[in-house]
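Chains as they are written, first to last, in the working numbering: chain A, 11 to 537; chain B, 11 to 537.
First up is the structure itself, then whatever we jot down about it.
Number of protein chains: 2
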Amino acid sequence: MQMTMALHRAVQLYPDRTATVFDERTRSYRESLDRVARLASALRSLGVQSGDRVAILAFNSDRYHEYLLAVPWTGAVVVPVNIRWSQSEIGYSLRESDARVLLVDDAFAPIAAALKADCTGITSVIFCGDGERPVGLHDYEELIAGADPIPDTRRGGDDLYGVFYTGGTTGLPKGVMLSHANVLASSTGVIVAGDVATRAGRTLHAAPLFHGAGLAMWSIGLLLGSTHAFVPSFTPAGVARAIEQHGITDVLLVPTMIQMLIDSPDTADADLTSLRRLQYGASAISEAVLDRARNALPGVGFVQAYGMTELAPAISLLTPEDHDQPHLRRSAGRAVAHAEVRIVDSAGQEVPRGAVGEVAVRGDSVMIGYWNRPEDTAAAIRDGWMHTGDAAYMDEAGVLYIVDRIKDMIITGGENVFSAEVENALAKHERVATCAVIGVPDTRWGERVHAVVVLTSGTTITPSELTDFCRQRIANYKVPRSVSFTDSMPLSGAGKILKRELRQQFIASNAEYDDMLIDATSPTTVG
Amino acid sequence: MQMTMALHRAVQLYPDRTATVFDERTRSYRESLDRVARLASALRSLGVQSGDRVAILAFNSDRYHEYLLAVPWTGAVVVPVNIRWSQSEIGYSLRESDARVLLVDDAFAPIAAALKADCTGITSVIFCGDGERPVGLHDYEELIAGADPIPDTRRGGDDLYGVFYTGGTTGLPKGVMLSHANVLASSTGVIVAGDVATRAGRTLHAAPLFHGAGLAMWSIGLLLGSTHAFVPSFTPAGVARAIEQHGITDVLLVPTMIQMLIDSPDTADADLTSLRRLQYGASAISEAVLDRARNALPGVGFVQAYGMTELAPAISLLTPEDHDQPHLRRSAGRAVAHAEVRIVDSAGQEVPRGAVGEVAVRGDSVMIGYWNRPEDTAAAIRDGWMHTGDAAYMDEAGVLYIVDRIKDMIITGGENVFSAEVENALAKHERVATCAVIGVPDTRWGERVHAVVVLTSGTTITPSELTDFCRQRIANYKVPRSVSFTDSMPLSGAGKILKRELRQQFIASNAEYDDMLIDATSPTTVG
């Protein structure tokens, strides 16, 4: 199978169904195919050859959908670039992937010339925005209007579909190579595993399409014959308005977006009753936010997907029915139909049920490897198993509980503390909007548990109030021994809190706090 | 992916769910996996090596399910033999596939020695029945009890899963080679394409498991985590009883079985209200039978699947919702998610919508080829497209209408007549139980339209009453010019009417009828 196959099928079966809607601009599947075939033709005229990389640096729009289909149509490879990165990170991913053509929208047109100068492999830049076309850039609509459609090259199966840069939370970005078969195995396997998306629905793309989860929602929607609606990026009001305006049935949001959507005063009056499925993932959700969201959206089936770009991406699902069972709500659900999921020790042996180990995954959605990084690939994929770096346990019923990133685990006085558990306890406090728990160097305990907290607007709290609150909920050794407050968290392009950066900030500015620990023999409170 | 993967997942997620039920015998998924791993071990002890063929000649049972998983588990290839064939046809398929081990049940144990003598490649015969084990045969349960489980070899992907003999309606049987990927692409693609089977349901296997449609239902049920119930073979009373007893949600029946189920006095009092989905296919259904069945089973969603063994097998589906639209009910529905379906002319070019041509299919479910028949494979699969031999047209909405097997098309006086259309008209007559329309040699018209009719029990009718009935419904040149009556049709192993045999019978016995044609200038009635 190839990613374009669902488009061909759509045009055979429901050519007049709306394929994409972006603001007032609506295109049928028939129009979508015609434009894709022309854009593919234009890319070829610009010198794009089979296997070449074509990158995009743009906010979500209907043209992103066309890009994701036209590039494989012409035989090339997509590189959806992380729009949240710095210019130097963006340049890195364009150079490393050796992109031949780059598409930019209004937001990124101003840096196009600098990027092109920095990335000598780029021969053409296409402006896919709606504003004035900058000098020196090809115009997206002119290219489509001026090109004759070409037949689909039908690259597919094990051919490379795209290079997806990831790793924003640790070290240099790595290019994850996903084949057509990887993405399609995942999308079909998710549909097989549960009633998690609406057939012939209307899917809103608010989470960024460069991200694995966004891509998966798009691919699933394509397979199910849905209409794709786009907002450039997430804002509570923009998403609420789009849901109302387009009668959206499905939307993927990351937990922080869910929280903003339900808490924002801008969305209080919005009619969200068309919504049937809210898919979430990419980072852990606190039980408190999930409960509030379920109460705020009573007619919606919540679907949690857990995974990573390297797995294209979902490998476990918490279905709407699962959400009705309280004990499952803090889990990541159960394995999808297309991937084998195991918890293994450092030797790769499966651990007993209930024991914490690393999540390892095998199956058709496991990436081809990291672009130009055979050693990283060999370190991640061992004996066919992708080692996720996530610490988790699995219960007797096969339910997966993610406890932490292995590297975010805190070892304090010889005890393992999983930051997610501590964060969950903290987040239950009504004045805590967001929090992150990290291990910081401690002369006596090796590491100690430190909490970084964003309070809900206009509230205050003392560190000891928070730690007392935690002590009623989790074991003493897990309770934060120090707390710092901030107005906002450093976030990755995918909206994940960058704990690495929090740790660096802490070390840079708080070394002297070590002396402020009141009781260093029995970790308790400290401000 | 491999066929055993869904078994591993089942044991991880719901080990205590019932996997199989056969009469009073019930086994959980955990037991099922243990028995499969032991049977695989026993097969290896009998000398079965990777890629060897292991054949089965048995009615449906829970052990058939274990066979279908244990053979790939040990790295070998399944060969489910058609139980309706003559001993010489069975011997042919065993010899041609070079089977190493054969499993037989009570019904086929009596011919096991003769088959083994005839097929020198067979080194061991396993008795998988419930009666007395014949001398010289291995006992299925003793093998399982005496073997230690072995790990799954995890053959999968493009590895050969099985050789499925087909072609009962024309010429010598051909062995269709299907890979794991072929079968799984089809099963997942069908689930993606529509709400056609019940998740975690209870599926009754009444249609024979050696047949592609039966295998697909089994594979789909496995992916959806369903319980598999088995009856040895179809009887109206047996199926009705099993539905009641096991709370069956899904059942696959061929049209003749549907007719028997709803018309049999034995099933009049049966409680079939647990049924949610009735999948049918393998041959065309008359609108009259479909209407009666939908009236008799008002809570059931009907699903028609069209396809062939070479396509693993379904490539189009008429969904439950489609059945509510009268104009769609005489169609074969729309393309599945995993296959491209086109109507082509003899040069392989797509014909305009509405024009009759041959159904051609491309995609991951297209067979590897015919076993040991590279020329037949090359004739069937051209430029990646499987040519089905079925004549059909597709309307503007992508709906497929099968009009005939290309070789069953009748050319009379230069006009194309599609036997299915004539059969559909005949079947509307309340006294017609079954009918088949064939072309027979005609000195003036080249071929003429001839009908073979089975009347409902205890009724009579004259040929001219039937042809008058047809003339009100179809064009004059399509109306049968001769009619013969019979008590039963020659059927293939899959329950299809063998038109080739009807034509041979006609030619052998009815040559003189040519002279009985009343009006040879304007084809009308003749008895």
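Every residue gets a Cβ at the ideal spot worked out from N, C-alpha and C, and that includes glycine.
As the structure is a computational prediction, the values presented were derived from the model and not from experiment.
### Message
Helix, strand or coil for Ala435 of chain B? Go by DSSP, reduced to three states.
### Response
helix
### Task
Using a cut-off of 8 angstroms between C-beta atoms, extract the partners of Val376 of chain B located in chain A.
Under the 8 angstroms cutoff, chain A gives no residues; its nearest Cβ is about 12 angstroms from Val376 of chain B.
### Per-residue DSSP class, three states only, for Thr477 of chain A
helix
### Query
Between the stretch 336–350 of chain A and chain B, which residues of the former have a C-beta closer than 7 angstroms to a C-beta of the latter?
Arg344, Ala345, Ala347, His348, Glu350
### Task
Can you give me the Cβ contacts of Ile471 of chain B inside the same chain, cut-off strictly under 7 angstroms, excluding the 5 residues immediately before and after it?
Arg441, Leu465
### Query
Under three-state DSSP, which class holds Pro82 of chain B?
helix
### Task
Give the DSSP-derived three-state secondary structure of Arg251 of chain B in the structure shown.
helix
### Task
Check whether the stretch 110–125 of chain B touches the stretch 61–69 of chain B, counting contact only when three or more Cβ pairs, one atom from each stretch, lie closer than 8 angstroms.
yes
### Query
How would you write the range of the alpha helix (DSSP H) that Asp108 of chain A sits in, first residue to last?
Run containing Asp108 of chain A: none; DSSP gives neither H nor E here.
### Query
Rounded to a whole number of angstroms, what is the C-alpha to C-alpha distance between Arg454 of chain B and Leu501 of chain B?
31 angstroms
### Query
Can you list, in chain order, the stretches of the beta strand (DSSP E) that have 3 or more residues and sit fully within the stretch 230–315 of chain B?
237–240, 260–263, 287–291
### Query
Under 9 angstroms between C-beta atoms, does Thr198 of chain B make it to chain A?
yes
### Query
When Cβ atoms are compared, which residues of the stretch 209–233 of chain A fall closer than 8 angstroms to chain B?
Arg209, Leu233
### Task
Keeping to the same chain, check which residues put their C-beta closer than 8 angstroms to that of Thr283 of chain B; ignore five residues upstream and five downstream.
Gly309
### Task
With DSSP collapsed to three states, give me the class of Leu147 of chain B.
coil
### Message
Within 9 angstroms of any Cβ in chain A, is that where the Cβ of Val202 of chain B sits?
### Response
yes
### Task
Please name the residues in the stretch 15–31 of chain B whose beta-carbon is closer than 9 angstroms to at least one beta-carbon of chain A, in chain order.
Met15, Ala16, His18, Arg19, Val21, Gln22, Leu23, Tyr24, Pro25
#### Entry: the stretch 399–413 of chain B contacting the stretch 357–365 of chain B, beta-carbon criterion three pairs below 8 angstroms
yes
### Query
Does the stretch 367–381 of chain A come within contact of the stretch 427–440 of chain A, defined as at least 3 CB pairs closer than 8 angstroms?
no
### Query
DSSP three-state call for Asn486 of chain B: helix, strand or coil?
helix
### Query
Going along the chain, which residues of its own chain have a beta-carbon closer than 6 angstroms to the beta-carbon of Thr534 of chain A, five neighbours each way excluded?
Confidence at Thr534 of chain A is low in this model, with a pLDDT of 33, below 50, so the placement of that residue should be treated as unreliable; the coordinate-derived value is given next. Nothing listed; no residue qualifies.
### Query
Of all the CB atoms in chain B, is at least one closer than 9 angstroms to the CB of Met11 of chain A?
yes
### Query
For chain B, is any of its Cβ atoms less than 9 angstroms away from the one on Met404 of chain A?
yes
### Message
Considering Cα atoms alone, identify which of B:Phe137, B:Val427, B:Ala117, B:Glu99 is closest to Cys129 of chain B.
### Response
B:Glu99
### Query
Is it the case that the Cβ atoms of Gly224 of chain B and Asn92 of chain B are separated by a distance below 9 angstroms?
no
#### Entry: For Met11 of chain B, the first and last residue of its enclosing alpha helix (DSSP H)
Looking at the DSSP string, Met11 of chain B is not in any alpha helix (DSSP H), and its letter there is neither H nor E.
### Query
Name the DSSP bridge partner or partners of Trp395 of chain A?
A:Arg392
### Query
Which residue spans inside the stretch 43–93 of chain A form an unbroken beta strand (DSSP E) run of at least 3?
63–67, 87–90
#### Entry: CB contact check: Asp205 of chain B to chain A, cutoff 9 angstroms
yes
### Task
Under 7 angstroms Cβ to Cβ from Asp355 of chain B, same chain only, skipping five residues before and after it: list those, please.
Val361, Gly367
### Message
Tell me the DSSP secondary structure of Met227 of chain B in three-state form.
### Response
helix
### Query
Considering only C-alpha positions, which residue in the set A:Thr387, A:Gly505, A:Ser498, A:Gln515 is nearest to Leu188 of chain A?
A:Thr387
### Task
Could you tell me whether the Cβ atoms of Arg45 of chain B and Arg37 of chain B are closer together than 9 angstroms?
yes
#### Entry: Given 8 angstroms, three or more beta-carbon pairs between the stretch 369–385 of chain B and the stretch 190–197 of chain B
yes
### Query
Does DSSP classify Asp418 of chain A as helix, strand or coil?
helix
### Task
Jot down the residue ranges of each uninterrupted alpha helix (DSSP H) in the stretch 322–379 of chain A, minimum 4 residues, whole runs only, in chain order.
330–333
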